[in-house]
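Inspection log for the structure reproduced underneath, given as structure tokens.
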Amino acid sequence: MWLFFAFLAVPLIEIGLFIQIGGVLGLWPTLAIVVLTAIAGTWLVRAQGIMAINQLKNSFSRLDDPSEPLAHGAMILVAGALLLTPGFFTDALGFALLMPPIRNGLLGYLKTRVEVQHFEMGSTVDENNQPHASDDVVEGEYYEVKTQKKPTRGSSNWTKH
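Here the working numbering is used: position 149 in the sequence shown is 149, and no number is missing along the way.
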């Protein structure tokens with residue numbers, strides 16, 4: 001039900017802001033601000049997205065939990081969608097999501113609301129932090145067996161017309 005109210009309230013807020021700001025600044029400056037915020041937002045989303053991808057790569061290389069960089073990347077993606085949507089309210093929300101303290105606060109709130117059931121990455125370690133194979137891995141050696149191809153006895157005449 002709250003999603004219905006969000007889809008109803010956001011356009012109404014945007015229309016009201018366009019009327020108020022357009023009345024003060026005029027049509028062309030208002031449109032220029034909307035276009036400039038979309039351009040600036042695109043540039044900021046690109047820069048922050050590259051940083052988020054690098055953090056994700058680093059967490060994978062260290063075999064750390066990638067959920068935090070993934071969450072930041074998702075929030076940056078939502079911020080990009082909000083910044084590309086014309087309007088002052090959505091731009092304010094998008095720019096807010098691009099700020100790391102806002103994202104960290106939102107992520108902290110989401111961590112209290114979401115429970116992770118199980119997460120495992122990489123190999124299993126024993127008491128001495130030494131990696132070892134899990135019980136379902138069977139190690140062994142293999143070699144390729146060459147099979148002799150049997151000679152064909154000629155055409156079966158199935159393809160002749």
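In this text, a Cβ means the ideal position worked out from N, Cα and C, and glycines have one as well.
Three-state secondary structure assigned by DSSP to R113: Assigned with DSSP and collapsed to three states, R113 falls in helix.
Helix, strand or coil at R103 according to DSSP, with G and I counted as helix: Three-state DSSP puts R103 in a helix.
Local conformation of P69 per DSSP, three classes: DSSP, reduced to helix, strand and coil, places P69 within a helical segment of the structure shown.
CA-to-CA distance, G105 to P29, given in whole angstroms: G105 has its alpha-carbon roughly 34 Å from the corresponding atom of P29.
K111 to G22 span [Cα, whole Å]: Between K111 and G22, the C-alpha separation is close to 40 Å.
Boundaries of the alpha helix (DSSP H) in which L87 is found, first to last residue: Per the sequence shown, the amino acid found at residue 87 is Gly instead of Leu. Where G87 is concerned, there is no enclosing alpha helix (DSSP H), given that its DSSP letter is neither H nor E.
Nonlocal neighbours in the same chain, by C-beta distance under 7 Å from A38, ignoring five residues either side: For A38, where only same-chain residues beyond five positions count, the Cβ hits under 7 Å are L83, L84.
Endpoints, the alpha helix (DSSP H) within which E141 is located: It is not in any alpha helix (DSSP H) - E141 carries neither H nor E in the DSSP assignment.
Best match in Q148, L98, F89 for proximity to L164 [C-alpha to C-alpha]: This structure does not reach residue 164, given that the chain is present from 1 up to 161, and the question cannot be answered.
Limits of the unbroken alpha helix (DSSP H) element including M1: Boundaries for M1: no alpha helix (DSSP H) harbours it, and the DSSP string shows neither H nor E there.
Whether S59 touches P69 by CB criterion (7 Å): It is a contact, given that the beta carbons lie within the stated cut-off.
Distance, G49 Cα to W43 Cα: Going by the C-alpha atoms only, they are around 10 Å apart.
Coarse secondary structure for L63, derived from DSSP in three states: The DSSP-derived three-state label of L63 is coil.
Own chain partners of L56 with C-beta closer than 8 Å, once the 5 adjacent residues on each side are dropped: Taken in chain order, the residues that qualify are P66, P69, L70, G73.
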